[in-house]
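Q:
In the numbering used here, the protein residues as written are 16 to 150.
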């Protein structure tokens, strides 16, 4: 069982965190404090939760981005916006998710999320393509 979870963790992590902007995942920080706990957390989050098939990885990332934006968690949002794009989320839909925060969290959260989103798109070299894409 542990080998299966380890394999799923590695496969899912590769899809999420490889490509796009160079960002260090929180796992590296966790590992500095407690390597065993970092591995346990990673296997639970990435190997068990993110590898479930009820939602696709793009759907999970859209949900994660919405929740992180609503929390105003810019550093985590940056990481998950990049991961969302890595797994094929439509950038226009991500922008729409951030605008959807307006009635629930207010414009300051929308503005922060869009700033992070723009930063990631620029870091990936995709900002001009996004801005030329129309509405």
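Don't be surprised by glycine CBs; every beta carbon is placed ideally from N, CA and C.
Looking only at its own chain, which residues have a Cβ that is under 7 Å from the Cβ of residue 113, when we skip the five neighbours before and after it?
A: Hits under 7 Å: 84, 125, 128, 129 and 132.
Q: Please list, in chain order, all residues of the same chain as residue 73 whose beta carbon is under 6 Å from its beta carbon, the five residues on each side excluded.
A: Correct list, in chain order: 102, 103 and 104.
Q: Taking contact to mean 3 or more Cβ pairs, one atom from each stretch, closer than 8 Å, check whether the stretch 33-46 and the stretch 66-80 are in contact.
A: Counting Cβ pairs under 8 Å, fewer than three are found: no touch.
Q: Quick one: residues in its chain with C-beta nearer than 6 Å to the C-beta of residue 81, no 5 flanking neighbours on either side, listed in chain order?
A: For residue 81, where only same-chain residues beyond five positions count, the Cβ hits under 6 Å are 112.
Q: Quick one: what does DSSP say residue 104 is sitting in, helix, strand or coil?
A: Coil at residue 104, not helix or strand.
Q: Go through the stretch 59-141 residue by residue and report every complete run of the beta strand (DSSP E) that reaches 3 residues or more, in order.
A: List check, beta strand (DSSP E) in window: nothing returned.
Q: So the candidates are 36, 107 and 115; which of them puts its Cα closest to the Cα of residue 147?
A: Selected option, being the one with the closest Cα: 107.
Q: Between which residues of its own chain and residue 63 is the CB-CB distance below 6 Å, once the five residues before and five after are set aside?
A: The answer is none, since no qualifying residue turns up.
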